[in-house]
Amino acid sequence: MADVQQPTEGSKWTHHNGNLYVVLLLANQASTKPEYPVTVVYQGNNGNIWSRLLSDWHRSFTFLALGTPRYNPGEEQEGDRYLNHYRCTHEGRMAQGQPVREWSSTWSCTCNDKCPVCNVEIEPYQSDDLE
Ligand SMILES: [Zn+2]
2 MADVQQPTEG SKWTHHNGNL YVVLLLANQA STKPEYPVTV VYQGNNGNIW
52 SRLLSDWHRS FTFLALGTPR YNPGEEQEGD RYLNHYRCTH EGRMAQGQPV
102 REWSSTWSCT CNDKCPVCNV EIEPYQSDDL E
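Residue numbers for the sequence shown, in the working numbering: 2 to 132.
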C-alpha cells in the first residue's frame with residue numbers, strides 16, 4: 002500500500018461515476034477494534050456528506066489532488082494569503098467532552114473555518130500573513 006495515495010483531509014478524488022469529492026476527515030483513526038474500522042468521511046460537489054470504509058476506498062476513488070479547501074471544491078481558488086489558526090472546545094455542543102481541537106489552514110482571507118469535530122464555524126484566534 003506504500004505507493005497508494007491515502008485519502009488525507011482536504012484531498013480531492015474522483016469517483017468512477019465522474020463526480021468530484023473532497024475528503025473531510027478520517028474517522029476511527031485511533032481505533033484498535035475491528036468493529037470500528039477506519040472510515041473516510043467525504044463531501045460531494047452538491048454538499049452531501051458520505052462515509053466509506055478506508056479499506057474499500059480505492060476500489061471506487063481515483064486520487065486527484067491534495068488541498069486544504071473544505072467547501073466548494075469546484076470553486077476557483079484565490080491565492081492563500083493567511084495561515085489561520087483555529088481552536089474549538091465544542092462548548093455546549095454535541096461533541097462536548099471531546100478533546101479540544103486545534104488546527105491551522107491557509108486561506109485567502111481571515112475566514113472562519115468549521116470545526117471538524119462539531120461542525121461549528123470558528124473564528125481564527127490567530128492569523129499569520131503569508132506575504
Ligand atoms: Zn468543535
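The beta-carbon is built from N, C-alpha and C at its ideal position, and this holds for glycine as well.
query	result
Integer Cβ distance of residue 10 from residue 24, believed to fall under 8 Å	6 Å
Beta-carbon proximity list for residue 94, same chain, < 7 Å, skipping 5 on both sides	119 and 121
Exposure label - residue 57; buried when at least 16 CB within 10 Å	exposed
Integer-rounded CB distance, given that residue 117 should sit under 8 Å from residue 85	Between residue 117 and residue 85 the Cβ distance is about 14 Å, and since that is not below 8 Å, they are no contact.
Distance between residue 131 and residue 29 (C-alpha atoms, nearest Å)	33 Å
Reduced DSSP secondary structure (H/G/I, E/B, other) of residue 59	helix
Per-residue burial, residue 38 [other beta carbons within 10 Å of its own, 16 or more giving buried]	exposed
Spatially closest choice to residue 102 from 123, 110 and 83, by CA coordinates	123
Euclidean distance between Cα positions of residue 64 and residue 41	14 Å
Contact belief for residue 128 with residue 111 at Cβ below 8 Å, rounded distance in angstroms	4 Å
Reference residue 46; option with closest CA among 34, 15, 54 and 53	15
Outcome for residue 13 when other beta-carbon atoms lying within 10 angstroms are tallied against a minimum of 16	buried
Residue 121 beta carbon near ligand 1 (any heavy atom closer than 7 Å)	yes
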